[in-house]
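Reviewing the structure listed below.
Residue numbers (our numbering): 290 to 584.
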């Protein structure tokens with residue numbers, strides 16, 4: 290199997306998703322494990338991927354951004370009104386207009402700071418409502434196997450991203466909202482500084498997608514080894530479907546139990562087209578993994 294040698298920066302031929310798998314015998318852990326196994330099985334039996342909420346990420350710097358609130362007075366008022374109506378629903382319309390008028394005339398001390406903070410907080414809330422699916426272009430990174438695949442006891446999905454068969458997902462029609470009908474992976478950029486986003490301008494031009502992509506596709510440079518791509522859905526987390534032919538293989542971790550390997554094979558027994566199986570093995574000479582196709 291390829292160990293990342295056939296990938297190119299502009300068009301990866303494959304994407305990879307590291308996954309943990311476990312089961313437990315007790316209490317809440319058992320319920321949580323049952324739910325996790327159900328989600329995992331649906332990848333293979335229903336071609337379904339579950340997008341995570343940005344607000345649930347374990348890295349507090351992920352999707353962090355700096356807000357640029359510069360705009361015309363008219364646009365600022367429109368956005369302030371939107372925030373007040375959305376996040377202060379108990380305020381009636383006359384009260385909202387009174388607050389906006391005071392802000393326009395600078396009658397209330399500290400009101401400008403209040404609205405600047407509201408823009409910042411509103412932007413953060415908007416971002417936390419988006420859904421993300423994170424992928425990598427490398428299948429053999431020992432750190433990611435340790436972090437995301439339960440200390441190498443999990444597995445890694447392999448998705449085909451051929452020129453004539455681009456990997457893509459479709460949101461559920463009833464939850465699509467203003468998302469595109471098809472969503473594709475986009476490359477993450479790594480930097481030392483937060484991206485700067487003008488949420489007021491994006492709001493006025495009905496362009497939340499630009500704001501979402503700008504913030505969700507930037508991470509700290511320390512994460513660069515992950516070579517990450519992301520699928521962004523501004524309408525939020527939840528299940529999304531992919532074409533069955535895009536799932537081309539599954540890699541078993543070097544410490545994965547035979548029980549879990551057989552569980553995955555069982556989920557795949559009715560798949561069409563069929564997928565390939567691979568085994569990750571520790572090198573005897575280097576700090577690296579070898580990934581070999583198996584029957």
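Think of the CB as a built atom: it goes at the ideal place given N, C-alpha and C, for glycine as much as any other residue.
Assigned secondary structure, residue 343 (DSSP; H/G/I helix, E/B strand, else coil): Residue 343 carries a helical assignment under DSSP once its states are collapsed to helix, strand and coil.
Simplified DSSP state of residue 557, which is helix, strand or coil: The answer is helix: DSSP assigns residue 557 an H, G or I state.
Cβ contact (3+ pairs, closer than 8 Å) linking the stretch 570-578 and the stretch 344-356: By the Cβ test, the stretch 570-578 is not in contact with the stretch 344-356, since fewer than three Cβ pairs between them sit closer than 8 Å.
Residues that residue 305 bridges to, as DSSP identifies them: Paired residues: 425 and 447.
Contiguous beta strand (DSSP E) assignments of at least 3 residues, all confined to the stretch 493-573: For the beta strand (DSSP E) assignment, the uninterrupted runs of no fewer than 3 residues enclosed by the stretch 493-573 are, from N- to C-terminal side, 507-509, 517-522, 527-530, 536-541 and 565-571.
Residue span of the beta strand (DSSP E) that contains residue 481, given as start and end: In the DSSP assignment, residue 481 falls outside any beta strand (DSSP E), carrying neither H nor E.
Member of 516, 369, 452 and 333 whose CA lies at the smallest distance from the CA of residue 406: Here the closest residue by C-alpha is 369.
Alpha-carbon to alpha-carbon, residue 443 and residue 435: Approximately 9 Å between the Cα atoms of the pair.
Cβ-Cβ distance between residue 567 and residue 538 below 7 Å: The answer is yes: Cβ separation under 7 Å.
Buried or exposed (CB count within 10 angstroms, at least 16 for buried), residue 560: Under the 10 Å beta carbon count, residue 560 is surrounded by fewer than 16 other beta carbons and is classified as exposed.
Spatial distance of residue 341 from residue 513 (CA atoms): If you take the alpha carbons of residue 341 and residue 513, they lie about 21 Å apart.
Limits of the beta strand (DSSP E) - the one that residue 441 falls within: Residue 441 -> no beta strand (DSSP E), and no H or E assigned at all.
Span of the beta strand (DSSP E) around residue 388: Where residue 388 is concerned, there is no enclosing beta strand (DSSP E), although the alpha helix (DSSP H) it sits in stretches over 382-393.
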